[in-house]
Amino acid sequence: MRPSLQHDESAVGVRTITPAPADDEVVAIVAAIQVAYPRSVGADERITAPRWRFSGRWWTKPAPLRRRRPWGL
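In our numbering, the protein residues as written are 2 to 74.
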């Protein structure tokens, strides 16, 4: 007999399985869900911006300032 899957309209995304699974089956289902959906992690504090910069180069200025205008000379 295949278990039936019922959708609870009051709780979005919540489904129930009948007959209720045994305790070891619940543990296996929860473990599979935790493996399938990775947890979000915070930003790594050790990652820093590179120390070398393009300071003083033409490409560091904003685009409007890089345009040469005849009246701006």
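Think of the CB as a built atom: it goes at the ideal place given N, C-alpha and C, for glycine as much as any other residue.
query	result
Are the beta-carbon atoms of PRO20 and ILE30 separated by less than 8 Å?	no
Which residue or residues does DSSP assign as beta-bridge partners of ILE34?	In the DSSP output, where bridge partners are listed per residue, ILE34 has none listed.
In whole angstroms, give me the CA-to-CA distance for VAL28 and LYS62.	58 Å
Roughly how many angstroms separate the alpha carbons of ARG68 and ARG47, rounded to a whole number?	38 Å
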